[in-house]
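So the structure is just underneath, and the comments pick up after that.
In full-length UniProt numbering, the protein residues as written are 1 to 290.
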């Protein structure tokens, strides 16, 4: 596996930021060093614990061929078994772009925490999901009927989990408090975060085709667990974000059914209006609290 490493000097002397990005790893930090080459070597050391589990790893370094760094490759390999440093080639362009973007995010500093409400909707096999953040960011999606899933409760749980997973993917680097009105989905996630691999009733036998998607949700939520917390909220009692997420989920589901009366081009505008309406009380409360 190939990873790309980027280092950038900070304004304070001999202090550097570093980022290492690969298909299965993303690490970042700050350290002291006396130059670019030293910073790269120190960054390899700082990231090594996260690399050991996925070794062998090739770390791509974009330095000129005459850099003294390339005289130290054997020493680096000896110091960090399973890791080799290699020069950049054009095939590494995508991973370099990802690392440069990660560096920009790292240097921008942490983003403020965010409250997100999620909800799912299911009817006659049609599924819709939606999420709404306190700052107005939102997402929604739909699925067409699946004849293999006849239990409406299973469909609702699937929609709830999909809403949560999509919110987590759409809001990286944020500490999220996720509010759901589904006790079943919440209990399942709590099982996952305790290391269990529970699945909704029937999915191990009747709904095996959906198992891959649920396994991916399980893996994503466990990987991101340090920045996530979950709260149960009672649905349909006027809590603004929950009502907004519910409206987005129903919008998506009714669009899938063809019963909403809107065209595909009109749906995003309707979703934006929902988000602005229901996130406004949350934003006003935050402003007042400040």
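Note that CB positions come from ideal geometry on N, CA and C, so glycine has one too.
The beta carbon of residue 42 is closer than 7 angstroms to those of 31 and 33 in its chain, skipping five residues each way along the sequence.
Looking from the CA of residue 266, the closest CA among 166, 257 and 251 belongs to 251.
Under the DSSP assignment, residue 133 falls in the beta strand (DSSP E) whose first and last residues are 126 to 133. Residue 85 counts as buried, since no fewer than 16 other beta carbons sit within 10 angstroms of its beta carbon. Excluding sequence positions up to five before and after residue 56, its CB lies within less than 8 angstroms of the CB of 1, 82, 83 and 84, all in the same chain and listed in chain order. For the pair residue 121 and residue 249, the CB atoms are nearer than the 7 angstroms cut-off.
Residues 126, 127, 128, 129, 252, 253, 255 and 256 of the same chain have their beta carbon placed closer than 8 angstroms to that of residue 142, with the five preceding and five following residues left out of the count. Closest in alpha carbon position to residue 131, among 263, 242 and 77, is 242.
Using a Cβ distance threshold of 7 angstroms, residue 18 and residue 7 count as a contacting pair. Distances from the CA of residue 185 to each of 161, 167 and 221 were compared; the closest alpha carbon is that of 161. Residue range 240 to 257 is occupied by the alpha helix (DSSP H) that includes residue 257. The alpha-carbon of residue 276 is positioned some 20 angstroms away from that of residue 112. DSSP, reduced to helix, strand and coil, places residue 114 within a strand of the structure shown.
For residue 119, the pairing in a beta bridge is given by DSSP as 130.
In the structure shown, the three-state DSSP call for residue 172 is coil. Judged by DSSP in its simplified three-state form, residue 228 adopts strand. Remark: C-beta atoms of residue 114 and residue 102 do not approach each other more closely than 7 angstroms. Around the C-beta of residue 172, fewer than 16 other C-beta atoms lie within 10 Å, and the residue is accordingly described as exposed. DSSP, reduced to helix, strand and coil, places residue 153 within a helical segment of the structure shown. Inside the stretch 28 to 93, DSSP marks whole alpha helix (DSSP H) runs of 4 or more residues at positions 36 to 52 and 73 to 79, from first to last along the chain.
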